[in-house]
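Numbering (the working numbering), first residue to last: -19 to 347.
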Amino acid sequence: MMRFSTALTFIAAIAPAAAFAPIQNPINHGLIQNSHNIQQAKATQRLCAVAALVNGSSQTDANTAVKGESTIANIRLSVIEKAKTVTSACTSGTLCTTSHADGIEGAPFGSFVDFVLDDEGSPVLLMNEMSMHTMNIAAGPDDMVTLFCQFGATSSFGTTPALGQDVSRCSVTGKVEKIDSKTAEDIDALRMRYSINHAYADQVMDSPKFAFYRLVPHKLYFVGGFGVLAKWVDVEEYRDAAPDILAREAGAILSKLNKDHGDDLELTAVHLLGCTDEIELIRVTNVDRLGMDIRVTTKGKRRNKLNTDEFRIGFRIPVISVEDAKSEILKVFQEAWEKGNGYTWENDDAEPGSDIPISKIAADNLG
């Protein structure tokens, strides 16, 4: 049975000061007696959802890059938005340069680096002239470099759960240009941005040994997760795209869901996603303004083979804040609990969860 105390803990842990009124347990709080209000709320949500489908922009159209994926509209970010969200949420990554050291000339050389994005989404790095990657760039100014970043790394905004290949990542390939601090129009904004994201920057950014460098993207490659989606991203579309509104908060939400809401996720998998085999592992791999991705590994009936499926659970309407997202997630958990316990609303023949948009986005190819 769903533990609603943990659902409320979820709210308090992520944003203690947030004002939020979750749907209550129908047994303890008389939801059935107040069914008229609930039905009105559901009707309003349906109307808003229809309006979103009709008026939604191309940025929120369903992503149909995966063969066999559902065409349910407006419950997934576009690949462009996903890529911009990853680079915007990350503040560190691996920079791969071409080595010019004796004996390994031409070999790829990886370094851990911090970065921020400029207004067009180009990564900006504050680098020491004595760092090996800086020397590699200076020795081969025409060489391409690649910056790899992914959800799951520690950032100045908190710790994202280490989900390895489950989570989205992006590789940005291009040339690095040294920024002239005297002529660059955006230097003040970059200094402020770097200072906010990286506490040490104030101590070194005025040193003659350090300078800002801009990685101008020529190619971008996005991977949505293990066995789910991989695609080259158009650079111009990437520059124009906006990151998801939950980009910086998604890590904290994921961490809380996967750490404390295993029972709720299992109820959701069984009663809303239709998982009938024994569940070996379940985790949320992404949360954004349009919904969340859930990966379910089940133990098959034959030879105990493990099968892994990935599902998209859409929010009925796009959220515009972290509080909205938490509310929508709790509604999903609530309706999974209600369906599992046989509850319905008075004068409403629909089962709980029947109008939640759900799509299977990867099936049986990960086990």
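A virtual CB, placed ideally from N, CA and C, is assigned to each residue, including glycine. Only a predicted model underlies this, so the values are computations on that prediction, with no experimental measurement involved.
- Note: Pro197 is bridge-paired with Gly154 in the DSSP secondary-structure output.
- The Cβ atoms of Val264 and Leu237 lie closer than 7 Å to each other.
- Taking Asp94 as reference, the option from Leu195, Pro298, Gly120 with the minimal CA-CA separation is Leu195.
- Secondary structure of Phe313 (DSSP, three-state): helix.
- With the rule of 3 Cβ pairs closer than 8 Å, the segment 57 to 68 counts as touching the segment 216 to 235.
- A distance of 7 Å or more separates the beta carbons of Ala316 and Leu234.
- The distance from the Cβ of Ser79 to that of Ala69 is about 30 Å, inconsistent with a contact at the 8 Å cut-off.
- Excluding five sequence positions before and after Lys281, the CB atoms of its chain that fall closer than 7 Å to its own CB belong to Asp257, given in chain order.
- The segment 113 to 127 makes no contact with the segment 159 to 177, as fewer than three CB pairs between them are under 8 Å.
- The Cβ atoms of Thr114 and Gly90 do not sit closer than 7 Å to each other.
- According to the DSSP assignment, Ala230 belongs to the alpha helix (DSSP H) that extends over 230 to 240.
- Per the coordinates, the alpha-carbon of Glu229 lies some 17 Å from the alpha-carbon of Ile274.
- Beta-carbon to beta-carbon, Gly271 and Ile84 are separated by about 46 Å, too far to satisfy the 8 Å threshold.
- Of all alpha-carbon atoms in Ser307, Arg269, Ile259, the one lying nearest the alpha-carbon of Asn284 is that of Ile259.
- A distance below 7 Å separates the beta carbons of Asp268 and Leu57.
- Judged by DSSP in its simplified three-state form, Asp182 adopts helix.
- Considered as a whole, the segment 61 to 118 harbours 72 to 78, 88 to 94, 103 to 108 as its complete beta strand (DSSP E) runs of no fewer than 3 residues, in chain order.
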